[in-house]
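I have placed the structure first, in the form of structure tokens, so that the comments after it can refer back to it.
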Amino acid sequence: MRGLLLKVWSSILDMVYPERERCFNCGARLFFPEIKGLCPECLRKIDFINYYCLHCGRVISPEKPALCRLCRSKPFNFNLARSVALYDGMMRELILKFKYGHILELKEPLSELLTLYFHHYYDNYRIDYLIPIPLHAKREEERGYNQAGILADSLGKKCGIPVLTGALLRIKNSQPLYNLGPEERDRVIRGSFALADREKIKDKVILLIDDILTTGATVNEASLVLKEKGGIKSVYVLTLATGRIQD
Ligand SMILES: [Zn+2]
Ligand SMILES: [Zn+2]
Numbered sequence: 168m169r170g171l172l173l174k175v176w177s178s179i180l181d182m183v184y185p186e187r188e189r190c191f192n193c194g195a196r197l198f199f200p201e202i203k204g205l206c207p208e209c210l211r212k213i214d215f216i217n218y219y220c221l222h223c224g225r226v227i228s229p230e231k232p233a234l235c236r237l238c239r240s241k242p243f244n245f246n247l248a249r250s251v252a253l254y255d256g257m258m259r260e261l262i263l264k265f266k267y268g269h270i271l272e273l274k275e276p277l278s279e280l281l282t283l284y285f286h287h288y289y290d291n292y293r294i295d296y297l298i299p300i301p302l303h304a305k306r307e308e309e310r311g312y313n314q315a316g317i318l319a320d321s322l323g324k325k326c327g328i329p330v331l332t333g334a335l336l337r338i339k340n341s342q343p344l345y346n347l348g349p350e351e352r353d354r355v356i357r358g359s360f361a362l363a364d365r366e367k368i369k370d371k372v373i374l375l376i377d378d379i380l381t382t383g384a385t386v387n388e389a390s391l392v393l394k395e396k397g398g399i400k401s402v403y404v405l406t407l408a409t410g411r412i413q414d
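What follows is the structure, given as structure tokens:
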């Protein structure tokens, strides 16, 4: 009965609003979406993060200590990293479609989720600039855009924080990291970043934005350069997704 009522209601809405918004992932028509461009079914399938390492933000099980094994043995260069969801299932699907499938409309729901979690994690921090993790110019030309840049722009507009591009540069076109182990990732990413505008960022508080934090090698290297060469004391990180760390 409820299904029938919904169908009737849906077709009435279709007549009144033929251009009603659709879910950018599955195409379902949206009634009153909580998140713009994402239907409740798709939203429900995202593994939002509940228990995480207090330093790197990766998912740990609730009975584990507050810091993951890696952060206990060797702290990262950033002050804190936080993520929205586990890089799995629905969030993985959304990021892959956004990043490689060129479904750029997904920036709407993805940046809305990022904004919600920005407020959740970082509302009490005085962030001066958002800096998206840059791609090497050649890689960005091939893809046509930097997914982290699109997310940062959208987040910046929603929370009123300026986005700084061009200060942190990707000077090495390193091979993609996704098939590499942790040590290899560190080695490959080393020397990948440089600073172009030290004066602009000196003494500022930076929030680095990226789509995924896997081992943390990329944001760790970027944080090192910002701190050592840019005179920055605090670098925070916010990503859409991260992995689970086994202790
Ligand atoms: Zn959907
Ligand atoms: Zn950790």
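Everything in the sequence shown is counted per my numbering, starting at 168 for the first residue and increasing by one. Ideal Cβ positions, reconstructed from N, Cα and C, are used throughout, including at glycine.
- K324 is classed as exposed because its beta carbon has fewer than 16 other beta carbons within 10 Å across all chains shown.
- Of K394, T385, D378, the smallest CA-CA separation from V251 is found for D378.
- Put simply, the backbone Cα of L393 is about 7 Å away from that of L362.
- Straight across, the Cα-Cα distance linking K339 with R196 is about 43 Å.
- Per DSSP, the beta bridge partners of T406 are S250, D377.
- Distance between D320 and L253, taken at the CA atoms: about 23 Å.
- Taking 8 Å as the cut-off, the C-beta of R225 counts as close to a heavy atom of ligand 2.
- The straight-line gap separating the alpha-carbon atoms of L277 and L407 is approximately 8 Å.
- DSSP places L335 within a strand segment (E or B) once states are collapsed to three.
- Around the beta carbon of Q413, a 10 Å sphere encloses fewer than 16 other beta carbons of the protein chains shown; the residue is thus reported as exposed.
- Between G398 and I356, the CB-CB gap reaches or exceeds 9 Å.
- Under the Cβ criterion (8 Å, minimum of three pairs), the segment 198-213 counts as touching the segment 262-278.
- Residue side-chain check: C238 places its Cβ nearer than 8 Å to a non-hydrogen atom of ligand 2.
- When DSSP assignments are scanned along the segment 249-323, the uninterrupted stretches of beta strand (DSSP E) that are 3 or more residues long and fall wholly within it turn out to be 296-299.
- Check the Cα spacing between K231 and each of S240, Y219, G358, P242: the tightest is with Y219.
- For L393, the enclosing alpha helix (DSSP H) stretches over residues 384-397.
- Burial check for S240: the Cβ neighbour count within 10 Å stays below 16, so the residue is exposed.
- The set of residues with CB atoms less than 5 Å from any heavy atom of ligand 1 reads, in chain order, C190, N192, C193, A195, C206, C209.
- In the structure shown, L344 adopts coil according to DSSP, grouped into three states.
- For H269, the shortest separation between its Cβ and any heavy atom of ligand 2 does not lie below 8 Å.
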